[in-house]
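*Asks:* Quick one: structure below, then a few questions.
There are 2 protein chains.
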Amino acid sequence: MRYSKLFGKTIKDTPRDATLVSHKLLYQAGYIRESTAGRYYLLPLGLAVQQKIQKIIKEEMDKAGAQEMITPILHPKELWKETNRTNSVGFELMSVKDRSEMEFVLGGTAEEMLVDLVRKFQVSYKDLPFNMYQFSTKFRDEMRARGGLLRLREFVMKDAYSFHATEEDFKKEYQKMKDTYTKIFNRLGLRTVIVESDNGYIGGEYCHEFVVESEAGESRFLTTEDGSYAAHEDVAVFKRDNKNIDEEEKPLQEVEAVRGTTMEDGVKLHKKPLWQQIKDVLFVDENGRFILAIIRGDYDVNEVKLMHSVKAYRLRHATENEIREKIHSEPGFISPVGIKEIIEKNIELIIVADSSLRTIKNAYGGANKKHRDLFNINIDRDYKVDSEGDIALAKEGFETKDGKKLIAKKGIEVGNIFQLGFHYSSKMKGAEFTDINGKKKPYYMGCYGIGLARTMATIIEVSHDDKGIVWTEAITPYKVHLIEIQNSKLKISGDEIYKKLQDAGIEILYDDRDVSAGEKFADADLIGIPVRLVVSEKTLRQSSGQAGEKIEWKKRNEDKTELLSLEQILKRVK
Amino acid sequence: MRYSKLFGKTIKDTPRDATLVSHKLLYQAGYIRESTAGRYYLLPLGLAVQQKIQKIIKEEMDKAGAQEMITPILHPKELWKETNRTNSVGFELMSVKDRSEMEFVLGGTAEEMLVDLVRKFQVSYKDLPFNMYQFSTKFRDEMRARGGLLRLREFVMKDAYSFHATEEDFKKEYQKMKDTYTKIFNRLGLRTVIVESDNGYIGGEYCHEFVVESEAGESRFLTTEDGSYAAHEDVAVFKRDNKNIDEEEKPLQEVEAVRGTTMEDGVKLHKKPLWQQIKDVLFVDENGRFILAIIRGDYDVNEVKLMHSVKAYRLRHATENEIREKIHSEPGFISPVGIKEIIEKNIELIIVADSSLRTIKNAYGGANKKHRDLFNINIDRDYKVDSEGDIALAKEGFETKDGKKLIAKKGIEVGNIFQLGFHYSSKMKGAEFTDINGKKKPYYMGCYGIGLARTMATIIEVSHDDKGIVWTEAITPYKVHLIEIQNSKLKISGDEIYKKLQDAGIEILYDDRDVSAGEKFADADLIGIPVRLVVSEKTLRQSSGQAGEKIEWKKRNEDKTELLSLEQILKRVK
Numbered sequence: 089m090r091y092s093k094l095f096g097k098t099i100k101d102t103p104r105d106a107t108l109v110s111h112k113l114l115y116q117a118g119y120i121r122e123s124t125a126g127r128y129y130l131l132p133l134g135l136a137v138q139q140k141i142q143k144i145i146k147e148e149m150d151k152a153g154a155q156e157m158i159t160p161i162l163h164p165k166e167l168w169k170e171t172n173r174t175n176s177v178g179f180e181l182m183s184v185k186d187r188s189e190m191e192f193v194l195g196g197t198a199e200e201m202l203v204d205l206v207r208k209f210q211v212s213y214k215d216l217p218f219n220m221y222q223f224s225t226k227f228r229d230e231m232r233a234r235g236g237l238l239r240l241r242e243f244v245m246k247d248a249y250s251f252h253a254t255e256e257d258f259k260k261e262y263q264k265m266k267d268t269y270t271k272i273f274n275r276l277g278l279r280t281v282i283v284e285s286d287n288g289y290i291g292g293e294y295c296h297e298f299v300v301e302s303e304a305g306e307s308r309f310l311t312t313e314d315g316s317y318a319a320h321e322d323v324a325v326f327k328r329d330n331k332n333i334d335e336e337e338k339p340l341q342e343v344e345a346v347r348g349t350t351m352e353d354g355v356k357l358h359k360k361p362l363w364q365q366i367k368d369v370l371f372v373d374e375n376g377r378f379i380l381a382i383i384r385g386d387y388d389v390n391e392v393k394l395m396h397s398v399k400a401y402r403l404r405h406a407t408e409n410e411i412r413e414k415i416h417s418e419p420g421f422i423s424p425v426g427i428k429e430i431i432e433k434n435i436e437l438i439i440v441a442d443s444s445l446r447t448i449k450n451a452y453g454g455a456n457k458k459h460r461d462l463f464n465i466n467i468d469r470d471y472k473v474d475s476e477g478d479i480a481l482a483k484e485g486f487e488t489k490d491g492k493k494l495i496a497k498k499g500i501e502v503g504n505i506f507q508l509g510f511h512y513s514s515k516m517k518g519a520e521f522t523d524i525n526g527k528k529k530p531y532y533m534g535c536y537g538i539g540l541a542r543t544m545a546t547i548i549e550v551s552h553d554d555k556g557i558v559w560t561e562a563i564t565p566y567k568v569h570l571i572e573i574q575n576s577k578l579k580i581s582g583d584e585i586y587k588k589l590q591d592a593g594i595e596i597l598y599d600d601r602d603v604s605a606g607e608k609f610a611d612a613d614l615i616g617i618p619v620r621l622v623v624s625e626k627t628l629r630q631s632s633g634q635a636g637e638k639i640e641w642k643k644r645n646e647d648k649t650e651l652l653s654l655e656q657i658l659k660r661v662k
Numbered sequence: 089m090r091y092s093k094l095f096g097k098t099i100k101d102t103p104r105d106a107t108l109v110s111h112k113l114l115y116q117a118g119y120i121r122e123s124t125a126g127r128y129y130l131l132p133l134g135l136a137v138q139q140k141i142q143k144i145i146k147e148e149m150d151k152a153g154a155q156e157m158i159t160p161i162l163h164p165k166e167l168w169k170e171t172n173r174t175n176s177v178g179f180e181l182m183s184v185k186d187r188s189e190m191e192f193v194l195g196g197t198a199e200e201m202l203v204d205l206v207r208k209f210q211v212s213y214k215d216l217p218f219n220m221y222q223f224s225t226k227f228r229d230e231m232r233a234r235g236g237l238l239r240l241r242e243f244v245m246k247d248a249y250s251f252h253a254t255e256e257d258f259k260k261e262y263q264k265m266k267d268t269y270t271k272i273f274n275r276l277g278l279r280t281v282i283v284e285s286d287n288g289y290i291g292g293e294y295c296h297e298f299v300v301e302s303e304a305g306e307s308r309f310l311t312t313e314d315g316s317y318a319a320h321e322d323v324a325v326f327k328r329d330n331k332n333i334d335e336e337e338k339p340l341q342e343v344e345a346v347r348g349t350t351m352e353d354g355v356k357l358h359k360k361p362l363w364q365q366i367k368d369v370l371f372v373d374e375n376g377r378f379i380l381a382i383i384r385g386d387y388d389v390n391e392v393k394l395m396h397s398v399k400a401y402r403l404r405h406a407t408e409n410e411i412r413e414k415i416h417s418e419p420g421f422i423s424p425v426g427i428k429e430i431i432e433k434n435i436e437l438i439i440v441a442d443s444s445l446r447t448i449k450n451a452y453g454g455a456n457k458k459h460r461d462l463f464n465i466n467i468d469r470d471y472k473v474d475s476e477g478d479i480a481l482a483k484e485g486f487e488t489k490d491g492k493k494l495i496a497k498k499g500i501e502v503g504n505i506f507q508l509g510f511h512y513s514s515k516m517k518g519a520e521f522t523d524i525n526g527k528k529k530p531y532y533m534g535c536y537g538i539g540l541a542r543t544m545a546t547i548i549e550v551s552h553d554d555k556g557i558v559w560t561e562a563i564t565p566y567k568v569h570l571i572e573i574q575n576s577k578l579k580i581s582g583d584e585i586y587k588k589l590q591d592a593g594i595e596i597l598y599d600d601r602d603v604s605a606g607e608k609f610a611d612a613d614l615i616g617i618p619v620r621l622v623v624s625e626k627t628l629r630q631s632s633g634q635a636g637e638k639i640e641w642k643k644r645n646e647d648k649t650e651l652l653s654l655e656q657i658l659k660r661v662k
């Protein structure tokens, strides 16, 4: 490609709202332009990179035995009603009606579509398992679209769906996909951490994000130095250390406590450690149930874990009014002790305790009355809970169950794999296969996604310098970037080299413009193609006396230059 | 691919509504399934064919210097308002609002998007011309979606848009695209006729459809035996033969005419030839204007030509009431003679005459009164027209201007190319380039489309037999279809041959199922892969005594079978 002809030249400006380096560089180097927030044009350079990413994904998915197909973008809303996803999805659906008033959802993910397709066939145990994937445009009506290609409202996603006779069989495919994703991201030049994640309303233990460490990311996870453990903040587990567990239980005592409503106020007033205080957080779920989460004072409640433990979709904090009027308690002084006796009739209150409350004795905290606290509160003796388990937020410095220190990190989620189990097949009529005994059974499913444009942006976030993008061989839009510094004395011209490399089947971008050498060099660095070739009077002078004219060779990520013959270049590039 | 693992096996049934052979075969052979009317899943086989078509189009577009990019599917409605296309497009737009109430159109074509992109850049005459194309999903809310992939509501289209400094420059690109399309359809194995077509509200003489002759098509065109002329029914021109042109003009005469309202009633009553009668057809346009089209009695009015001649978007026939109340004439007795004197005040009436009225003298027809006709009507002398030209519908048997007989044909439009001229660049603010004198000017544009799925269906419409699809080498989903007829005596098994061909990089579908030979043969014919290989006891017995085991080779479109060694097969397939 002649750069003079390429649509989408470099530009000095950056978009006003650009904060991320990938956003700035993709814009400046002529890879993308914004249409509306979160929706981009991919210019020829940008599309070329996306296509290379797509090719690598396709190759590895095919090798793993997955089969590519494609669904319509407009999903009949009827299908989403069958699974109740019109109410439960985390991203906002966009709906559209056709001229006959039929309602469609703009596809965000395609579980229902795949199940709907598969149930059109008479699937038997012999046909299972299979894994079908597509590259298709997805729509998410995100509240905030982040800069550039990192969080889009419209993007191409590779989404795959596997169908199995049993959970056991699914597990094999899950491992295969984990390996396949690892290969894909390796080939793309990305170092990913496989992070245990929350599987939302579907649940189950098979749910992982492939995360690339980056300050630009929104995925917060905890890992150990040796990498043996990595889990998203939402699900990370840790070991609660025992505190005064050997202390004898003292009698419960109510005291006056003229203090503020924070945990620190309690510590200051009573001059007791934070960990000995009970932290009480009162939530209300989507059905109006009250949930009292209690935890050791030095820990925080993890709302995702809490939601799963009570099977809620959404939680919000109770208001001060609700605490007073419905619970008959007092903000800042809530206590599990006796709370069920004082609440308004007809109110459902569920007390959920973190297991950390088993690591302390003689705790202190509110007394459900203003300016009154309790001392020597002990679980079982003074209060009972409806549910007990892990509802704590893991943090840097905490320890894993096997005693390794947790480190907090941020990263970009480039892929995810998770079980769907029977979630869709049990809800959708006829989503079943015939087993070996001729009996109809729902299939067990898995799901596997990679966002292409986000992957592109992520590669730039981790591979750039202050001059521009640094592409790897695998996904660069062109293999070499040829620059001619014009001079009438050139015996071998840029045009000739361009033609020869093109004829050899090498993807080449040729800067044939009539602009300064400096501008050409700067543009080459900005665009980021891994190999730069320069032909100029200087390169020819330096090569005089040797056989043939020489061309300067430089790698984008090295400073060293070499003078090579065309033959040598052809050999190296191939 | 092992057929036992392929998703989308053959089936005996056809869809209830299927009338087209491509629809039936794509369904039966496992290439497609319907989601909702006009929206299809492409199963692995179907997508493989579409991808081959896409690859060929991409290769030829790239060779022609066009650059691939991609626009979002959601087009901001603002852009379509700039060009007034929300009112003027022929297909129904689908609109959607996001959570912030911003309105989008689901892309049907992308002229506005491309212009919007290009105007974000400072384009100078040096950057022009360029041609950008994309493969993207398009949406058309068609009233009727036809069976299978021939007329879809959602489909992948290759749409290209070229930008030029001048009309002269556009003409070069137009010719290049005509040549490129010819190459593309040749490679796809389609014989296309390049048919002059109507360019709708944009107009201009550069507008052609690439049509494949087929009874399944909706494109009606007229052509000559030698193919030197081909034009869509909407625009086809022909020579009007002179009738009684040398006759002397006789005095106008009003007579009693107790007859019905058809042309035939006039012929019967007066015993004069049909061609001598004036045919009057009264229309109303979208602005309420009345248009009286008059033409020689043996011709019909071509409404497309008529619309262009009066610059109307839509025409409907005037009602009987309107003819009586507004025009003060009589249905079946309308006449251009004196009509402007009798119509209701404030009514705009435009009289448009076909040039065929110059080929007759002393015509007869209505007198704007019930049961009254006029004899010896002569143009200019008895009535004046507002506009005169070609508003006649060409028909089979008519002659071209150079005297060749027109033949009527039907076909499927697989591609189209047309000028956009300044239509979009003049309407959209900032859609301009800087010319050599530093002056801003709108660019001249062209547009070039191919529907991929329709192309696939068209290939089947013209390439099938009563057993199934007959793919060509270029777009077959697999190059060879291997069948093993199981037998324990086989020394070289299907599995081995499959592996060897796969290792040699040959795309192979391997029917490894435990079903009858007959079923495998029938499925192979239905699926339509060009080469069928059979390994069985029979093929081995026949090859005994010869060096190595032999495999039966048969082409899908031939009856002949041959026994070949694996080496011979590898050589032939490569």
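Quick mapping for you: the protein sequence lines, in order, are chains A and U.
Take the first sequence: its position 299, counted from the start at 1, is 387 in my numbering, and no numbers get skipped.
Take the second sequence: its position 48, counted from the start at 1, is 136 in my numbering, and no numbers get skipped.
Even glycine gets a Cβ: it sits at the ideal position worked out from N, Cα and C.
Please read all numbers here as calculations on a predicted model, not as lab measurements.
Got a sec? Which residues, its chain only, sit under 7 Å from U/Glu432 by beta carbon, not counting five neighbours each side?
*Replies:* Residue numbering aside, residue 432 of chain U sits at position 344 when the second sequence is read from its first letter. Closer than 7 Å at the Cβ level, and outside the excluded window around U/Glu432, lie Lys414, His416.
*Asks:* Quick one: what's U/His552 bridged to in DSSP?
*Replies:* Locating residue 552 of chain U in the second sequence gives position 464, where the first residue counts as 1. The partner list for U/His552 (beta bridge, DSSP) reads U/Ile557.
*Asks:* What three-state label does DSSP hand U/His296 in the structure shown?
*Replies:* Position 208 of the second sequence holds residue 296 of chain U. Reduced to three states, the DSSP call for U/His296 is strand.
*Asks:* Closer than 8 Å by C-beta to U/Asp322: which residues in its own chain qualify, once you throw out the five before and the five after it? Chain order, please.
*Replies:* To locate residue 322 of chain U, count along the second sequence from 1; it is residue 234. Excluding sequence neighbours, U/Asp322 sits near Ser285, Asp286, Asn390, Val392, Lys393.
*Asks:* Could you tell me the alpha carbon to alpha carbon distance between U/Gly96 and A/Val398, rounded to whole angstroms?
*Replies:* For the purposes of this step, residue 96 of chain U is taken as residue 8 along the second sequence, with counting starting at 1. For the purposes of this step, residue 398 of chain A is taken as residue 310 along the first sequence, with counting starting at 1. C-alpha separation (whole angstroms): 42 Å.
*Asks:* What does the Cβ neighbour count give for U/Pro565, buried or exposed, with the cut at 16 atoms within 10 Å?
*Replies:* The count along the second sequence starts at 1 and reaches residue 565 of chain U at position 477. Looking at its Cβ environment, which holds 16 or more other Cβ atoms inside 10 Å, U/Pro565 is buried.
*Asks:* Whose C-alpha, out of U/Asn450, U/Asp474, U/Glu549, U/Gly518, is nearest the C-alpha of U/Lys498?
*Replies:* Locating residue 498 of chain U in the second sequence gives position 410, counting from the first residue. Measuring from the Cα of U/Lys498, the nearest candidate turns out to be U/Glu549.
*Asks:* My output table needs one value for U/Arg460: the three-state DSSP class, helix, strand or coil.
*Replies:* Within the second sequence, the letter at position 372 stands for residue 460 of chain U. It is a strand residue.
*Asks:* Since I believe U/Ile382 is in contact with U/Ala441 (beta carbons under 8 Å), could you give me their beta-carbon distance rounded to a whole number of angstroms?
*Replies:* Within the second sequence, residue 441 of chain U is the residue found at index 353, counting from 1. Within the second sequence, residue 382 of chain U is the residue found at index 294, counting from 1. Yes, U/Ala441 and U/Ile382 are in contact; Cβ-Cβ is about 5 Å, under 8 Å.
*Asks:* With contact counted as at least three CB pairs below 8 Å, one residue from each stretch, are the segment 339-351 of chain A and the segment 308-318 of chain A in contact?
*Replies:* Verdict: no, contact absent.
*Asks:* What's the C-alpha gap between U/Arg234 and U/Tyr128?
*Replies:* Taking the first residue of the second sequence as 1, we reach residue 234 of chain U at position 146. Taking the first residue of the second sequence as 1, we reach residue 128 of chain U at position 40. Cα to Cα, the separation comes out at about 12 Å.
*Asks:* Given a threshold of 16 other Cβ atoms within 10 Å of its Cβ, counted over all protein chains shown, does A/Met231 qualify as buried or as exposed?
*Replies:* What you label residue 231 of chain A is simply residue 143 of the first sequence in a count that begins at 1. By the 10 Å Cβ count, A/Met231 comes out exposed.
*Asks:* Do A/Lys246 and A/Ile538 have their C-beta atoms closer together than 9 Å?
*Replies:* To locate residue 246 of chain A, count along the first sequence from 1; it is residue 158. To locate residue 538 of chain A, count along the first sequence from 1; it is residue 450. Contact: yes.
*Asks:* Could you tell me whether the Cβ of U/Gln263 comes closer than 9 Å to any Cβ of chain A?
*Replies:* For the purposes of this step, residue 263 of chain U is taken as the residue at position 175 of the second sequence. Not closer than 9 Å to any Cβ of chain A, the Cβ of U/Gln263 fails to qualify, so no.
*Asks:* Does DSSP classify U/Lys449 as helix, strand or coil?
*Replies:* As a working note, residue 449 of chain U is residue 361 in the second sequence. Residue state, collapsed to three classes: coil.
*Asks:* Residues in its own chain within less than 7 Å of U/Ala635 by CB, not counting five upstream and five downstream?
*Replies:* Walking along the second sequence from the start, residue 635 of chain U turns up at place 547. Because U/Ala635 sits at a pLDDT of 48, beneath the cut-off of 50, its placement in the model cannot be relied upon, and the following sentence gives the value as read from the coordinates. Here the set comprises nothing.
*Asks:* So, U/Tyr119 versus U/Thr522, is the Cβ gap smaller than 9 Å?
*Replies:* Within the second sequence, numbered from 1, the residue matching residue 119 of chain U stands at position 31. Within the second sequence, numbered from 1, the residue matching residue 522 of chain U stands at position 434. No. Outside cutoff.
*Asks:* Would you mind reading off the limits of the beta strand (DSSP E) that contains A/Arg384?
*Replies:* Stepping through the first sequence from its first residue, residue 384 of chain A is reached at position 296. Segment 378-384, the beta strand (DSSP E) holding A/Arg384.
*Asks:* Return no unless some Cβ of chain U is closer than 9 Å to the Cβ of A/Phe371.
*Replies:* Reading the first sequence from its first residue, position 283 is the one you call residue 371 of chain A. Taking Cβ atoms only, chain U never reaches closer than 9 Å to A/Phe371, which makes this a no.
*Asks:* Relative to the alpha-carbon of A/Ala318, which residue among A/Val281, A/Glu293, A/Met351, A/Glu335 has its alpha-carbon at the smallest distance?
*Replies:* Here the question's residue 318 of chain A lines up with position 230 in the first sequence. Nearest of A/Val281, A/Glu293, A/Met351, A/Glu335 to A/Ala318, Cα basis: A/Val281.
*Asks:* Can you name the start and end residues of the beta strand (DSSP E) that A/Glu342 belongs to?
*Replies:* In the first sequence, the residue the question calls residue 342 of chain A occupies position 254. Here the beta strand (DSSP E) through A/Glu342 covers 341-344.
*Asks:* Report all residues from its chain with a CB closer than 7 Å to the CB of U/Met395; omit the five preceding and five following residues, and keep chain order.
*Replies:* As a working note, residue 395 of chain U is residue 307 in the second sequence. Excluding residues within five positions, the ones whose Cβ falls inside 7 Å are Leu403.
*Asks:* Give a yes or no on whether the C-beta atoms belonging to A/Thr98 and A/Ala117 are separated by under 9 Å.
*Replies:* Within the first sequence, residue 98 of chain A is the residue found at index 10, counting from 1. Within the first sequence, residue 117 of chain A is the residue found at index 29, counting from 1. Yes.
*Asks:* Where A/Lys659 and A/Ile594 are concerned, what is the direct C-alpha to C-alpha distance, given to the nearest angstrom?
*Replies:* For this step, residue 659 of chain A is matched to residue 571 along the first sequence. For this step, residue 594 of chain A is matched to residue 506 along the first sequence. Rounded to whole angstroms, A/Lys659 to A/Ile594 spans 11 Å at the Cα level.
*Asks:* Any C-beta of chain U sitting closer than 9 Å to the C-beta of A/Pro419?
*Replies:* To locate residue 419 of chain A, count along the first sequence from 1; it is residue 331. No, A/Pro419 does not count as interfacial toward chain U.
*Asks:* Leaving aside the five residues before and after U/Arg620 along the sequence, list all residues of the same chain whose C-beta is less than 6 Å from its C-beta, in chain order.
*Replies:* Counting from 1 along the second sequence, the entry for residue 620 of chain U is found at position 532. If we look at U/Arg620 and ignore the five residues flanking it on each side, its Cβ neighbours are His569, Ala612, Lys642.
*Asks:* I want to see whether chain U comes within less than 9 Å of A/Ala136, judged by CB atoms only; does it?
*Replies:* Taking the first sequence and counting its residues from 1, the one referred to as residue 136 of chain A is at position 48. Interface residue, yes.
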